[in-house]
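Numbering (this note's numbering), first residue to last: 204 to 708. Don't be surprised by glycine CBs; every beta carbon is placed ideally from N, CA and C. Please read the structure below before turning to the comments.
See below:
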């Protein structure tokens, strides 16, 4: 970058206010940057020989970023967390070369809200995206869900737009799930192309009757498109967002690979699922191919690799030990997830961190990597840079969660606050309708499985945490559940479940 371009870049980083203004600025600046670079190249190619030699460019080479997102992958389904049943050698290799996070959380126990949070740095409750899109209304339930937006609003600044403002190539390959219609249409609002991505593949989960030999979960297709993106953009900085359907239902994989896991010791234990094992191996293999291609292009030392899961695992298909519950639940099994960051030369290899981390933190962290300090005022996440480079810690001891929805497997709507080692769950049927307990309180350090409710013997602490949780919802404008005047006891059962454990409707 020339000195003139660097000055222009600094000028464009002057503080502004308002998310909409920032979005306009980012999109405008990206166009300016492309024009300026083109002009600079033209001068370099056609300028007279008598022109003075350009000054040396001391601008550091930009970091490439690969964000690899698994779907419903449990905390206990990666090798570096101790499993010997599931095989994740490539994920484990990144963990050994980077930093793992024992207290990493998804901002929500289901997919769309976490993905929205990851893209924007804002809590799903602030975005009014607190259920999978489009969710289910359950008109006869005791409580009504709050209003939801139908997808990620265009006025939100996304990670992809942040990268594009810095001249990056951006690629999205796999599950998006931030629009009502999951089939991608180029140029349609709320699809990846309208949110900053250039090279795009969007995929949908398979049907139960699909051919397990036909790449039902698109794992190989997602990998192939990712490899092509790396080949096409190896000479410029890139952001590669790889977002798999593994291990979301339906469980489909090559029968021969499933047989391998059925023959392994412990295959019949609740914590192990042979079909999931086969699916995870396929995903991990693709992850390894992406890492190998980065190495082939000589980019390993200039590429940050992040591995993460959008929420906890599916309890009906695989136990979430040592945690309780699973996907769509506020229990730890629904929101505690695996997370790894490999950053060559910055993150000390093999380190583990126990600070409270959430998907809200991705956006401000990436902004820090890109040296962009101009962010929307209502960002909820914190930059992880001091944790990653070892220079400090996070100014945080509290995380909040909001899931005001019934789930078709019978899970109850709830919110939660984790403060230090204590976690309070607010059960909305209890706190709003007076049906059942209003809160439960746990000491996660002594009881990570949330087996012993301490609320009755710690009334003062429970009340304090509840007040903080309520105040947080009010502060960010979270949608609240309300009493349903159309409640019908005989039709209150929202659990429409088919033989596969899915929504039969």
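Got a sec, what are the start and stop residues for the beta strand (DSSP E) residue 329 sits in? Here residue 329 belongs to no beta strand (DSSP E); instead the alpha helix (DSSP H) covers 327–330.
In angstroms with no decimal places, state the Cα-to-Cα distance between residue 320 and residue 545. 21 Å
Once you ignore the five residues that flank residue 241 on each side, which residues in its own chain have a CB closer than 8 Å to its CB? Its pLDDT being 38, under 50, residue 241 is placed unreliably in this model, and the value from its coordinates should be taken loosely. If we look at residue 241 and ignore the five residues flanking it on each side, it has no Cβ neighbours.
Cβ contact check for the stretch 678–697 and the stretch 342–361: 3 or more pairs under 8 Å: yes
Roughly how many whole angstroms lie between the Cα atoms of residue 477 and residue 431? 31 Å
According to the neighbour-count rule (16 or more other Cβ atoms, all chains shown, within 10 Å of its Cβ), is residue 274 buried or exposed? buried
How is residue 284 classed by DSSP in three states: helix, strand or coil? helix
Let me check one thing: in DSSP terms, what residues is residue 629 bridge-paired to? 618, 642
Mind checking residue 411: buried by the 16 CB within 10 Å criterion, or exposed? Exposed: under 16 other Cβ atoms inside 10 Å.
Boundaries of the beta strand (DSSP E) in which residue 556 is found, first to last residue: 554–556
Could you check where the alpha helix (DSSP H) with residue 679 kicks off and where it finishes? 662–679
Within the continuous alpha helix (DSSP H) that includes residue 460, where are the two ends? 458–465
Determine whether the beta carbon atoms of residue 508 and residue 483 lie at a separation below 8 Å. no
Going by the beta-carbon positions, is the gap between residue 362 and residue 604 smaller than 8 Å? no
I need the boundaries of the alpha helix (DSSP H) containing residue 381, first residue and last residue. That residue, residue 381, is in no alpha helix (DSSP H); it is neither H nor E in DSSP.
Taking the C-alpha atoms as reference points, what is the distance between residue 365 and residue 302? 24 Å
Express the C-alpha separation of residue 586 and residue 571 in angstroms, rounding to a whole number. Residue 571 and residue 586: Cα-Cα distance of roughly 7 Å.
Identify whether residue 219 lies in helix, strand or coil by the three-state DSSP scheme. Only weak support is given to the placement of residue 219: the predicted model assigns it a pLDDT of 36, under 50, and the question is left unresolved by the model.
Do you know whose CA, among 492, 370, 657, 402, lies nearest residue 575's CA? 370
If I measure Cβ to Cβ from residue 244 and keep anything under 6 Å in the same chain, skipping five residues before and after, which residues do I get? With a pLDDT of only 34 at residue 244, under 50, the local geometry of the prediction cannot be trusted, and the value read off the model is given with reservation. So no residue of the chain qualifies.
Jot down the residue ranges of each uninterrupted beta strand (DSSP E) in the stretch 385–440, minimum 3 residues, whole runs only, in chain order. Counting whole runs of 3 or more residues, the stretch 385–440 contains the beta strand (DSSP E) stretches 402–405.
Measure the CB-CB distance between residue 558 and residue 602 and report whether it falls below 8 Å. no
Unbroken alpha helix (DSSP H) run spanning residue 293, endpoints: 292–300
Apart from the five residues on each side of it in sequence, which residues of its chain come closer than 6 Å, Cβ to Cβ, to residue 335? 313, 314, 315
Helix, strand or coil at residue 193 [DSSP, three-state]: Residue 193 is absent from the structure shown; the chain starts at 204 and stops at 708.
For the beta strand (DSSP E) that residue 506 lies in, which residues bound it at each end? Run containing residue 506: 506–512, per the beta strand (DSSP E) assignment.
Per-residue DSSP class, three states only, for residue 366: helix
For a quick check, are the C-beta atoms of residue 490 and residue 425 less than 8 Å apart? no
Relative to the C-alpha of residue 648, which candidate in 631, 621, 670, 629 has its C-alpha closest? Here the closest residue by C-alpha is 621.
List the endpoints of the continuous beta strand (DSSP E) containing residue 270. Start and end: 267–273.
Check whether the Cβ atoms of residue 561 and residue 310 sit closer than 8 Å, and answer yes or no. yes
Residue 270 versus residue 638: straight-line alpha-carbon distance, rounded: 42 Å
Contacts around residue 325, its chain only, beta-carbon distance under 7 Å, and the 5 residues preceding and following it disregarded: 563, 581, 582, 583
State the CB to CB distance for the pair residue 607 and residue 682, rounded to an integer number of angstroms; the pair is presumed to be in contact (CB under 8 Å). 6 Å
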